[in-house]
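Here the sequence shown stands for residues 1062 to 1434, numbered as in the working numbering.
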Amino acid sequence: MSWSKPNVSNIAKPPAKLHWRTWGMFITLLFFITSFILARLWPDSSYSSQWTYWVGSTLITLIIGGIAFSIRIYFYGLAQEEYNIWQQEQKNIEQNWQKWAMQSLVVLDSFYVLPNQVTANKILNNGSNISAEVNKSLTFNDKFDTAHSIEDLFVSMRSVLNKLPKTESINITVYSSQHADICIENTISQAYQKIGIKQRYSLSQKIENEIDVEQLTKWVDTTEPELELIIVDNTKSQSSSFLTAFLLVKKSHYQDMGIDIALVEILRPMFTSDLQLAFQQMVDMQPVIKQVNQLWLANLTNKQEKEVLINLSKNHIELEDVNKLQRIGGNQDELSYWLALALGCESVIASHKNNLITSITQNQWLSSVIAVL
């Protein structure tokens, strides 16, 4: 489903304008009627030559006309006030929804490894010369060791973790494909201790072949002041293999920590079956998508890739580069969204330009904007 933003109709219409010509005609007609009635009530027939008759007719006209005009101004003011209040309320609704949509997870650090050792920097600097891997399932060679790569992961993040308060707690969530190592707890515990990371942690492992979008949204909405370390172990996938990880924190908590080390944020994801509506809402509520320059497509067919490009064009989003993960990293599965996210984060850091990730999971579209922090 798309974001459930209500369609707020404009129930308060602007007040009708004051038409001075109409009011002039009204005063003129009122003067004639007043003069006629006053002439019928005048004690003699010489009323037209008496100045008191004309003064009386004028005064009565002005009094009645003034009262009518005052009533009109009063109701005009009420209508204008109601209209202004409703316009402000609509503005507040729009701002609140935009604030909600712009909530994000700050990426403190990320890590990934691919069998062909492709990186986002290589793609940005020399993408046309990277070997195409279409219809190939890339796998790690026999020398690849998951435990060693987990250790490399913590080594790469050690400098960032050392800058964080030791009182912080880290929730480690491992997403593994069905063919990955089932027991990774000891591997992480040993690497954690060997690297000497000070923050306490909790660990959970989930065997899934699709993206847990609900959990991803919960991390954005959470009020808990905790760090999230997401490890995606797809090293023994039946499609192309990879290992990736993200050290994330809610933006509000990042600001509370008083540090300045992050360069990238991942905005609230869009998960829907209606791609056209999705991009329309993102343009409306996540305006940074208008500054997206790089697009990463994961786990999509050629037809679906074209549909993404067409809808972005309809929303006047101009792209500098389109990176198809299938060409770079071989055959895709639903977990490939995480790999695209990791490549996108590195791309944003290198280029200082916003990126967009679009993928398919659970037979629905999943899109995320990665923005410069």
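Here a beta-carbon is modelled for each residue, glycine too, at the ideal position from N, C-alpha and C.
- Message: On the criterion of 16 or more Cβ atoms from any shown chain inside 10 Å, does K1464 qualify as buried, or is it exposed?
- Response: Residue 1464 lies beyond the residue range present for the chain, which begins at 1062 and ends at 1434; the question has no answer from this structure.
- Task: Kindly list the residues whose CB is nearer than 6 Å to the CB of S1263, restricted to its own chain and excluding five residues on each side of it in sequence; keep chain order.
- Result: Numbered from 1 along the sequence shown, position 202 holds the residue referred to as residue 1263. Here the set comprises N1232.
- Query: Are the segment 1198-1208 and the segment 1255-1274 touching by the rule of at least three beta carbon pairs closer than 8 Å?
  - Reply: Contact fails: fewer than three Cβ-Cβ distances are below 8 Å.
- Message: Starting from M1331, trace the alpha helix (DSSP H) in both directions and tell me its first and last residue.
- Response: Here residue 1331 refers to the residue found at position 270 when the sequence shown is read from its first residue. No alpha helix (DSSP H) contains M1331, which is instead part of the beta strand (DSSP E) from 1331-1333.
- By how many angstroms is the C-alpha of F1303 removed from the C-alpha of Q1423? Stepping through the sequence shown from its first residue, residue 1423 is reached at position 362. Stepping through the sequence shown from its first residue, residue 1303 is reached at position 242. Spanning the two alpha carbons is a distance of roughly 20 Å.
- Report the three-state DSSP secondary structure of V1179 (helix, strand or coil). In the sequence shown, residue 1179 corresponds to position 118, counting from 1. Correct three-state label for V1179: coil.
- Item | Selection from V1174, S1220, S1334 that minimises the alpha carbon distance to H1209 | Position 148 of the sequence shown, counting from 1, holds the residue named residue 1209. If we check each option's Cα against that of H1209, V1174 comes out closest.
- Beta-carbon gap between I1389 and I1184 smaller than 8 Å: For the purposes of this step, residue 1389 is taken as residue 328 along the sequence shown, with counting starting at 1. For the purposes of this step, residue 1184 is taken as residue 123 along the sequence shown, with counting starting at 1. Going by C-beta atoms, I1389 is nearer than 8 Å to I1184.
- Message: Using only CA atoms, which one of V1167, L1290, T1278 lies nearest to R1219?
- Response: Residue 1219 sits at position 158 when you count from the first residue of the sequence shown. Here the closest residue by C-alpha is L1290.
- Item | Which listed residue (H1413, Y1108, E1366) has its alpha carbon closest to that of I1431 | Here residue 1431 refers to the residue found at position 370 when the sequence shown is read from its first residue. For the residues H1413, Y1108, E1366, the minimum Cα distance to I1431 belongs to H1413.
- Coil, strand or helix - W1517 by DSSP: Absent from the structure is residue 1517, since the part of the chain shown begins at 1062 and ends at 1434.
- Would you mind giving the Cβ-Cβ distance between L1400 and V1383, rounded to the nearest angstrom? I have them listed as a contact below 8 Å. As a position in the sequence shown, residue 1400 is number 339, starting the count at 1. As a position in the sequence shown, residue 1383 is number 322, starting the count at 1. Under the criterion of beta carbons closer than 8 Å, L1400 and V1383 do not qualify as touching, at roughly 16 Å.
- Work out the CA separation of S1313 and T1278 for me, nearest whole Å. Locating residue 1278 in the sequence shown gives position 217, where the first residue counts as 1. Locating residue 1313 in the sequence shown gives position 252, where the first residue counts as 1. Taking the straight line joining both Cα atoms gives about 15 Å.
- Quickly, what does DSSP pair Y1236 with across the bridge? List them, please. As a first step, residue 1236 is located in the sequence shown; it is residue number 175 there, counting from the start. The beta-bridge partner set that DSSP reports for Y1236 consists of K1267, V1293.
- Message: Tell me which residue opens and which closes the alpha helix (DSSP H) that L1090 is part of.
- Response: Along the sequence shown, read from residue 1 onward, the residue named residue 1090 stands at position 29. That run of the alpha helix (DSSP H) goes 1081-1102.
- Element boundaries [alpha helix (DSSP H), containing E1326]: Taking the first residue of the sequence shown as 1, we reach residue 1326 at position 265. E1326 -> not in any alpha helix (DSSP H); beta strand (DSSP E) instead, spanning 1325-1328.
- Residue(s) in a DSSP beta bridge with T1305: Counting from 1 along the sequence shown, the entry for residue 1305 is found at position 244. DSSP output for T1305 lists Y1173, V1293 as bridge partner(s).
- Query: With a Cβ-Cβ cutoff of 8 Å, do W1147 and A1073 count as a contact?
  - Reply: Here residue 1147 refers to the residue found at position 86 of the sequence shown. Here residue 1073 refers to the residue found at position 12 of the sequence shown. Yes, they are a contact pair.
- Query: Based on the DSSP secondary-structure assignment, which residues constitute the bridge partners of D1345?
  - Reply: Sequence index remark: in the sequence shown, residue 1345 carries index 284 (1-based). Looking at the DSSP assignment, D1345 forms no beta bridge with any residue, so it has no partner.
- Query: Nearest-angstrom Cα distance between P1330 and L1308?
  - Reply: Start at 1 with the first residue of the sequence shown, and residue 1330 comes out as number 269. Start at 1 with the first residue of the sequence shown, and residue 1308 comes out as number 247. Each residue's Cα considered, the two are about 17 Å apart.
- Task: Could you tell me whether the Cβ atoms of E1395 and I1268 are closer together than 8 Å?
- Result: As a working mapping, residue 1395 is identified with position 334 in the sequence shown. As a working mapping, residue 1268 is identified with position 207 in the sequence shown. No, the Cβ-Cβ distance between E1395 and I1268 is not below 8 Å.
- Task: Tell me where the beta strand (DSSP E) around W1064 begins and ends.
- Result: Start at 1 with the first residue of the sequence shown, and residue 1064 comes out as number 3. Element bounds for W1064: n/a, residue is neither H nor E.
- Query: Taking the Cβ atom as the reference point for each residue, do F1340 and N1376 lie within a distance shorter than 8 Å?
  - Reply: For the purposes of this step, residue 1340 is taken as the residue at position 279 of the sequence shown. For the purposes of this step, residue 1376 is taken as the residue at position 315 of the sequence shown. Yes; because the gap between Cβ atoms is below 8 Å, this pair is in contact.
- Task: Select from Y1236, G1188, S1171, I1245 the residue whose C-alpha is nearest the C-alpha of V1216.
- Result: Locating residue 1216 in the sequence shown gives position 155, where the first residue counts as 1. Of Y1236, G1188, S1171, I1245, the residue nearest in Cα terms is S1171.
- When I1125, F1130, L1166, D1321 are compared against E1285, the one with the closest alpha-carbon: On the sequence shown, residue 1285 is found 224 positions in, with the first residue counted as 1. Comparing alpha carbon positions, the residue from I1125, F1130, L1166, D1321 closest to E1285 is L1166.
- Query: For the alpha helix (DSSP H) that contains Q1316, what are its first and last residues?
  - Reply: As a first step, residue 1316 is located in the sequence shown; it is residue number 255 there, counting from the start. 1312-1318 is the span of the alpha helix (DSSP H), which, as asked, contains Q1316.
- Message: Going by C-alpha to C-alpha distance, which of E1326, N1392, S1374, Q1337 sits closest to Q1425?
- Response: Walking along the sequence shown from the start, residue 1425 turns up at place 364. Closest option to Q1425, Cα to Cα, is Q1337.
- Item | L1214 versus L1079, Q1251, V1433, residue with shortest Cα-Cα distance | As a working note, residue 1214 is residue 153 in the sequence shown. Taking L1214 as reference, the option from L1079, Q1251, V1433 with the minimal CA-CA separation is Q1251.
- Query: Given A1411, which residues of its chain have a CB within under 7 Å of its CB, disregarding the five upstream and five downstream residues?
  - Reply: If you number the sequence shown from 1, residue 1411 lands on position 350. Taken in chain order, the residues that qualify are A1181, N1182, L1185.
- Find the nearest neighbour of H1240 within the set N1247, V1293, S1230, judged by alpha-carbon distance. By one-based count along the sequence shown, residue 1240 stands at place 179. Selected option, being the one with the closest Cα: V1293.
- Starting from Q1151, trace the alpha helix (DSSP H) both ways and give me its first and last residue. Locating residue 1151 in the sequence shown gives position 90, where the first residue counts as 1. Per DSSP, the continuous alpha helix (DSSP H) segment holding Q1151 begins and ends at 1112-1162.
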